[in-house]
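Visitor:
2 protein chains.
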Amino acid sequence: MVTRERPTLEAVARRAGVSRATVSRVVNGSTTVAASIRDAVNQAVEELGYVPNQAARSLVTQRTESIALILPETASRVFSDDMFFPAVIRGVSTELEAADKQLVLMMAGSAASHDRVERYAMAGHVDGVMFASMHGADPLPGKLARLGIPVVCSGRPMSPAGNTVPYVDVDHFGGVAAAVRHLVGAGRRRIATIAGPQDMIAGVDRLAGYRAVLTEAGLPEHVTTGDFTRESGEQAMQRLLTEDPELDAVFVASDLMAHGALQALRERGRRVPLDVAVIGFDDFEIARYSDPPLTTVRQPIVDMGRTMAKLMLTLVDDPTEVAAPVVLPTELVLRDSA
Amino acid sequence: MVTRERPTLEAVARRAGVSRATVSRVVNGSTTVAASIRDAVNQAVEELGYVPNQAARSLVTQRTESIALILPETASRVFSDDMFFPAVIRGVSTELEAADKQLVLMMAGSAASHDRVERYAMAGHVDGVMFASMHGADPLPGKLARLGIPVVCSGRPMSPAGNTVPYVDVDHFGGVAAAVRHLVGAGRRRIATIAGPQDMIAGVDRLAGYRAVLTEAGLPEHVTTGDFTRESGEQAMQRLLTEDPELDAVFVASDLMAHGALQALRERGRRVPLDVAVIGFDDFEIARYSDPPLTTVRQPIVDMGRTMAKLMLTLVDDPTEVAAPVVLPTELVLRDSA
DNA sequence: TTGAAAGCGCTAACAT
DNA sequence: ATGTTAGCGCTTTCAA
Numbered sequence: 001m002v003t004r005e006r007p008t009l010e011a012v013a014r015r016a017g018v019s020r021a022t023v024s025r026v027v028n029g030s031t032t033v034a035a036s037i038r039d040a041v042n043q044a045v046e047e048l049g050y051v052p053n054q055a056a057r058s059l060v061t062q063r064t065e066s067i068a069l070i071l072p073e074t075a076s077r078v079f080s081d082d083m084f085f086p087a088v089i090r091g092v093s094t095e096l097e098a099a100d101k102q103l104v105l106m107m108a109g110s111a112a113s114h115d116r117v118e119r120y121a122m123a124g125h126v127d128g129v130m131f132a133s134m135h136g137a138d139p140l141p142g143k144l145a146r147l148g149i150p151v152v153c154s155g156r157p158m159s160p161a162g163n164t165v166p167y168v169d170v171d172h173f174g175g176v177a178a179a180v181r182h183l184v185g186a187g188r189r190r191i192a193t194i195a196g197p198q199d200m201i202a203g204v205d206r207l208a209g210y211r212a213v214l215t216e217a218g219l220p221e222h223v224t225t226g227d228f229t230r231e232s233g234e235q236a237m238q239r240l241l242t243e244d245p246e247l248d249a250v251f252v253a254s255d256l257m258a259h260g261a262l263q264a265l266r267e268r269g270r271r272v273p274l275d276v277a278v279i280g281f282d283d284f285e286i287a288r289y290s291d292p293p294l295t296t297v298r299q300p301i302v303d304m305g306r307t308m309a310k311l312m313l314t315l316v317d318d319p320t321e322v323a324a325p326v327v328l329p330t331e332l333v334l335r336d337s338a
Numbered sequence: 001m002v003t004r005e006r007p008t009l010e011a012v013a014r015r016a017g018v019s020r021a022t023v024s025r026v027v028n029g030s031t032t033v034a035a036s037i038r039d040a041v042n043q044a045v046e047e048l049g050y051v052p053n054q055a056a057r058s059l060v061t062q063r064t065e066s067i068a069l070i071l072p073e074t075a076s077r078v079f080s081d082d083m084f085f086p087a088v089i090r091g092v093s094t095e096l097e098a099a100d101k102q103l104v105l106m107m108a109g110s111a112a113s114h115d116r117v118e119r120y121a122m123a124g125h126v127d128g129v130m131f132a133s134m135h136g137a138d139p140l141p142g143k144l145a146r147l148g149i150p151v152v153c154s155g156r157p158m159s160p161a162g163n164t165v166p167y168v169d170v171d172h173f174g175g176v177a178a179a180v181r182h183l184v185g186a187g188r189r190r191i192a193t194i195a196g197p198q199d200m201i202a203g204v205d206r207l208a209g210y211r212a213v214l215t216e217a218g219l220p221e222h223v224t225t226g227d228f229t230r231e232s233g234e235q236a237m238q239r240l241l242t243e244d245p246e247l248d249a250v251f252v253a254s255d256l257m258a259h260g261a262l263q264a265l266r267e268r269g270r271r272v273p274l275d276v277a278v279i280g281f282d283d284f285e286i287a288r289y290s291d292p293p294l295t296t297v298r299q300p301i302v303d304m305g306r307t308m309a310k311l312m313l314t315l316v317d318d319p320t321e322v323a324a325p326v327v328l329p330t331e332l333v334l335r336d337s338a
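Quick mapping for you: the protein sequence lines, in order, are chains A and B. As numbered in full-length UniProt numbering, residues 1 to 338 make up the first sequence, in order. As numbered in full-length UniProt numbering, residues 1 to 338 make up the second sequence, in order.
#1: Buried or exposed, going by whether 16 or more other CB atoms sit within 10 Å of the CB of V129 (chain B)?
#2: When Cβ atoms are compared, which residues of the UniProt domain "HTH lacI-type" (7–61) of chain A fall closer than 7 Å to chain B?
#3: How about D318 (chain A): is its C-beta nearer than 8 Å to some C-beta of chain B?
#4: Could you tell me which uninterrupted alpha helix (DSSP H) segments, each at least 4 residues in length, are contained entirely in the stretch 79–132 of chain A, listed from first to last along the chain?
#5: So, A249 (chain A) versus V276 (chain A), is the Cβ gap smaller than 8 Å?
#6: I'd like the list of long-range same chain contacts for R335 (chain A), defined as Cβ closer than 6 Å, with 5 residues on each side in sequence excluded.
#7: Leaving out the 5 sequence neighbours to the left and right, which residues in its chain are closer than 8 Å to V18 (chain A) when beta-carbon positions are compared?
#8: Got a sec: which bits of the stretch 249–281 of chain B sit with their beta carbon under 9 Å from any beta carbon on chain A, in order along the chain?
#9: So, helix, strand or coil for L328 (chain B), using DSSP?
#10: List, in order along the chain, the chain B residues whose C-beta lies closer than 8 Å to that of Q235 (chain A)?
#11: Considering G280 (chain B), what are the terminal residues of the beta strand (DSSP E) in which it resides?
#12: What alpha helix (DSSP H) runs, 4 residues minimum, are completely inside the stretch 252–324 of chain A?
#13: Cβ of Q102 (chain B) less than 8 Å from any chain A Cβ?
#14: Tell me T229 (chain B)'s beta-bridge partners as DSSP assigns them.
#15: Residues of chain A with CB closer than 7 Å to the CB of I70 (chain B), please, in chain order.
#16: Beta-carbon of E331 (chain B) versus every beta-carbon of chain A: anything under 8 Å?
#17: Is any beta-carbon of chain B found at less than 8 Å from that of A323 (chain A)?
#18: With a threshold of 16 other CB atoms inside 10 Å of the CB of R77 (chain A), please say whether the residue is buried or exposed.
#19: At the level of alpha carbons, what is the spacing between V213 (chain A) and S290 (chain A)?
#20: Rank B:G260, B:D255, B:L256 and B:G269 by C-alpha distance to the C-alpha of P245 (chain B) and give the top, closest one.
#21: Kindly say whether P245 (chain A), judged by its beta-carbon, lies nearer than 8 Å to any beta-carbon of chain B.
#22: For A236 (chain A), which residues in the same chain have their Cβ closer than 6 Å to its Cβ, ignoring the five residues on either side in sequence?
#23: How about V252 (chain B) and V272 (chain B): do their beta carbons lie closer than 8 Å?
#24: Skipping 5 residues on each side, what residues in its chain have a beta carbon closer than 6 Å to that of S159 (chain A)?
#25: Can you give the beta carbon distance from A123 (chain B) to Q54 (chain A), rounded, assuming they're within the 8 Å contact cut?
#26: Shortest alpha-carbon distance to A323 (chain B) belongs to which of B:P150, B:R90 and B:P72?
#27: Can you tell me whether S254 (chain B) is buried or exposed? The criterion is at least 16 other CB atoms within 10 Å of its CB, across all chains shown.
#28: How big is the Cα-Cα spacing for A34 (chain A) and N28 (chain A)?
#29: List, in chain order, every chain A residue whose beta-carbon is nearer than 7 Å to that of M107 (chain B).
#30: Determine the burial state of T242 (chain B): buried for a count of at least 16 other Cβ atoms within 10 Å of its Cβ, exposed for fewer.
#31: How about R335 (chain B): is its C-beta nearer than 8 Å to some C-beta of chain A?
#32: Please classify T287 (chain B): is it buried, with 16 or more other beta-carbons within 10 angstroms of its beta-carbon, or exposed?
#33: For I67 (chain A), does the three-state DSSP call read helix, strand or coil?
#34: Would V176 (chain B) and Y210 (chain B) qualify as a contact pair, given that the criterion is a beta-carbon distance under 8 Å?
#35: Can you tell which of B:A261, B:E216 and B:A217 has the C-alpha that lies nearest to the C-alpha of S232 (chain B)?
#36: What number of angstroms, rounded off, separates the C-alpha of D115 (chain A) from the C-alpha of L69 (chain A)?
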């Protein structure tokens, strides 16, 4: 298995009896080339199996035709049973595929990998950077943006300087409010919540929705927190039941946590929804397959990914473009659990 | 937000009062640089926020420090509820991360994207290419290998020329054989199977394991096929029950299909394992959470990914290396369903 | 319409 | 130990 030399523009030019410039024009689809010459060049390209060297091309065009999606999470987390990441990636990759851009997926769950990602982006490896699942007030988006690299976030950034970076998010607050109002409307009076991590905007906004409605209804709050995993949901539910054995409803900030909560309720002998009503958030497949099927808040994550990618593509085309934030609607989906 | 010019080696050199070569040496950690000069250079790098241009670097080194993982599947499939892909990716990315290589994840579910991936690899965008979840006799691995690009496959290639490309796989046959023997040993006599797609080596090998044991035991075969999705498992189980209402066991070639099968069995009023024993394959989390928990064959997919990545790293370091195939062991995990 | 030539930013001989 | 220099393969003026 010898590393056969890959043919260069030069080789194609010689074979076709033209200059490098002409070959370059043909390869890049310039219209100002005579048909006969174009055919000759194409034939030489074919015969030699020529493929342009991307490094050389990027060096002069300053374009790589690829775009990064950065997930500040470990690979184990991204590829766990949390269907959030798959959905975002699916949306993003659909849109980039259509634009013939290469998606470069980067996990940055550790400080070291966070650095690597930063250098990677700054080294000009990609034409733009998208972020999803951000924690805390990550300075990286702002930093890259200030360097002139197009940046889009999915999820409203928590950083104070967040307003400098365009973002796409879903209406967490509205969705949760609808869910909790549903519980109130059904006569539930001891409504607890398992909130998401408070270093993420999704966790914060969903908790805010819960609080707003309970305040409005004059009902007491009962808050505990998980980290969006099934296990954390199960444990959180156990805590809630211990603290208030009489609770009659719980809004859980993710379907996966809700699944864990259902498990805990079952173990404690509570019937759902008879004794305790449960509402989740996400509308992932697990919501339909759980027992009982889960009433939940549908959020259009795939769409969010697509929208984010589209935004990115316009920014890459014209970096002076000023992109406004986009917020996508959410919707309560009624099933058996509440 | 202006595209601020990024500083070059030249700029750093001027600022530090040295030559470009010296800066290059410092940046690349050469030891033959005087400490005082090294410090001066590092300071200039710091002040200017210099980051090497990867395109320029690759152009001369012929290295990109990134490695592709190609999944000949649509993004929807890769990011569905099939935990195979996440597991592979997790293993691969763990290993590449440790080696400070960038993983470039590419989905190639359509003919068009398959082409794009081919061009991408041939354009020298990556130092090596790994394949997983291959269908049929894909010529791409062989083609890239012949061009001198390091290639490793996860899953024994089905192509006749497959022996030219190193691969890592798990012992499908052995695992399935253990599973079906368990059924036979438990007194089951009408043992059906829901096989995987027959254009994939995992589908073929697992079916072979089933057939071998039934032949050995002198029992009749009853085969139907799915595509590894839950839905296909559910439908396949319905077919089996219609064709043989008396069947008392079924080996299902994936946990996800087994989950669908359990659903179908429930709908048809069969008790598991009392009426029908079920064994799956994968040992994904769903096997523990299904009702009843699923006896299944554990395959070390994360390890397979890691092993594949390690192999790739040695090949990238020394392309003349001849890598032998690796086959990892599988293991029957007993739970309630059989 | 085509070709000649000047780089893009970097590394790696080779000189000193 | 440091500098000089010659490209890596490509695109893109500028001339012809």
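We treat Cβ as the ideally placed atom computed from N, Cα and C, and that holds for glycine. Please read all numbers here as calculations on a predicted model, not as lab measurements.
Guide: Once the coordinates are examined:
#1: Here residue 129 (chain B) corresponds to residue number 129 of the second sequence, with the count starting at 1. It is buried - the Cβ of V129 (chain B) has at least 16 other Cβ atoms within 10 Å.
#2: Here the close residues are V51, P52, N53, Q54, A55, A56, S58 and L59.
#3: Here residue 318 (chain A) is taken as the residue at index 318 of the first sequence, counted from 1. Taking Cβ atoms only, chain B never reaches closer than 8 Å to D318 (chain A), which makes this a no.
#4: Complete alpha helix (DSSP H) runs here, min 4: 84–98 and 111–122.
#5: Stepping through the first sequence from its first residue, residue 249 (chain A) is reached at position 249. Stepping through the first sequence from its first residue, residue 276 (chain A) is reached at position 276. Yes, Cβ-Cβ distance for A249 (chain A) and V276 (chain A) is below 8 Å.
#6: Along the first sequence, read from residue 1 onward, the residue named residue 335 (chain A) stands at position 335. The residues are P293, L294 and T295.
#7: Taking the first sequence and counting its residues from 1, one reaches residue 18 (chain A) at position 18. For V18 (chain A), where only same-chain residues beyond five positions count, the Cβ hits under 8 Å are I37, A40 and V41.
#8: Within the stretch 249–281 of chain B, the residues whose Cβ lies closer than 9 Å to some Cβ of chain A are H259 and Q263, listed in chain order.
#9: Residue mapping note: residue 328 (chain B) aligns to position 328 of the second sequence, counting from 1. Strand, per DSSP.
#10: In the first sequence, the residue the question calls residue 235 (chain A) occupies position 235. None at all; the shortest Cβ gap to chain B is about 16 Å.
#11: Locating residue 280 (chain B) in the second sequence gives position 280, counting from the first residue. Taken as a continuous stretch (DSSP letters only), the beta strand (DSSP E) holding G280 (chain B) covers A277 to D282.
#12: 255–267, 285–289 and 301–317, all fully within the stretch 252–324 of chain A.
#13: The sequence position of residue 102 (chain B) within the second sequence is 102, counting from 1. Taking CB atoms only, Q102 (chain B) has a neighbour in chain A less than 8 Å away.
#14: Within the second sequence, numbered from 1, the residue matching residue 229 (chain B) stands at position 229. Bridge partners of T229 (chain B): none, in fact.
#15: The residue you call residue 70 (chain B) lines up with position 70 of the second sequence. By Cβ distance, chain A contributes nothing, its closest Cβ being about 12 Å from I70 (chain B), past 7 Å.
#16: The residue given as residue 331 (chain B) occupies position 331 in the second sequence. Taking Cβ atoms only, chain A never reaches closer than 8 Å to E331 (chain B), which makes this a no.
#17: Working through the first sequence from its first residue, we reach residue 323 (chain A) at position 323. It does not: the Cβ of A323 (chain A) has no partner Cβ on chain B nearer than 8 Å.
#18: Stepping through the first sequence from its first residue, residue 77 (chain A) is reached at position 77. With 16 or more Cβ atoms within 10 Å of its Cβ, R77 (chain A) is classed as buried.
#19: Taking the first sequence and counting its residues from 1, the one referred to as residue 213 (chain A) is at position 213. Taking the first sequence and counting its residues from 1, the one referred to as residue 290 (chain A) is at position 290. Taking C-alpha positions only, V213 (chain A) is separated from S290 (chain A) by approximately 27 Å.
#20: On the second sequence, position 245 is the one that residue 245 (chain B) refers to. Closest in C-alpha terms to P245 (chain B), from the list B:G260, B:D255, B:L256 and B:G269, comes B:G269.
#21: In the first sequence, the residue the question calls residue 245 (chain A) occupies position 245. Not flagged as an interface residue toward chain B: P245 (chain A), since no C-beta distance is shorter than 8 Å.
#22: Taking the first sequence and counting its residues from 1, the one referred to as residue 236 (chain A) is at position 236. Beyond the five residues adjoining it in sequence on each side, A236 (chain A) comes within less than 6 Å, by CB distance, of I194, T224 and G226 in the same chain, given in chain order.
#23: Position 252 of the second sequence, counted from the first residue, corresponds to residue 252 (chain B). Position 272 of the second sequence, counted from the first residue, corresponds to residue 272 (chain B). No. Outside cutoff.
#24: Within the first sequence, numbered from 1, the residue matching residue 159 (chain A) stands at position 159. Once the five neighbours on either side are set aside, the close Cβ partners of S159 (chain A) are A137.
#25: Here residue 123 (chain B) refers to the residue found at position 123 when the second sequence is read from its first residue. Here residue 54 (chain A) refers to the residue found at position 54 when the first sequence is read from its first residue. Right, their Cβ atoms sit about 4 Å apart.
#26: The residue labelled residue 323 (chain B) in the question sits at position 323 within the second sequence. Of the candidates B:P150, B:R90 and B:P72, the one whose C-alpha sits nearest the C-alpha of A323 (chain B) is B:P150.
#27: Within the second sequence, residue 254 (chain B) is the residue found at index 254, counting from 1. Around the beta-carbon of S254 (chain B), 16 or more other beta-carbon atoms lie within 10 Å, marking it buried.
#28: Locating residue 34 (chain A) in the first sequence gives position 34, counting from the first residue. Locating residue 28 (chain A) in the first sequence gives position 28, counting from the first residue. Separation of A34 (chain A) and N28 (chain A) (C-alpha to C-alpha, rounded to the nearest whole angstrom) is 14 Å.
#29: For the purposes of this step, residue 107 (chain B) is taken as residue 107 along the second sequence, with counting starting at 1. Per Cβ cutoff of 7 Å: S93.
#30: Here residue 242 (chain B) is taken as the residue at index 242 of the second sequence, counted from 1. Classification of T242 (chain B): exposed, given that the 10 Å Cβ count is below 16.
#31: By one-based count along the second sequence, residue 335 (chain B) stands at place 335. Not an interface residue.
#32: For this step, residue 287 (chain B) is matched to residue 287 along the second sequence. Per the sequence shown, the amino acid found at residue 287 (chain B) is Ala instead of Thr. Burial call: buried.
#33: Counted from its first residue, the first sequence places residue 67 (chain A) at position 67. If DSSP states are grouped into helix, strand and coil, I67 (chain A) belongs with the strands.
#34: Taking the second sequence and counting its residues from 1, the one referred to as residue 176 (chain B) is at position 176. Taking the second sequence and counting its residues from 1, the one referred to as residue 210 (chain B) is at position 210. For the pair V176 (chain B) and Y210 (chain B), the CB atoms are nearer than the 8 Å cut-off.
#35: On the second sequence, residue 232 (chain B) is found 232 positions in, with the first residue counted as 1. Comparing Cα positions, the closest option is B:A261.
#36: Taking the first sequence and counting its residues from 1, one reaches residue 115 (chain A) at position 115. Taking the first sequence and counting its residues from 1, one reaches residue 69 (chain A) at position 69. The C-alpha of L69 (chain A) is placed about 15 Å away from the C-alpha of D115 (chain A).
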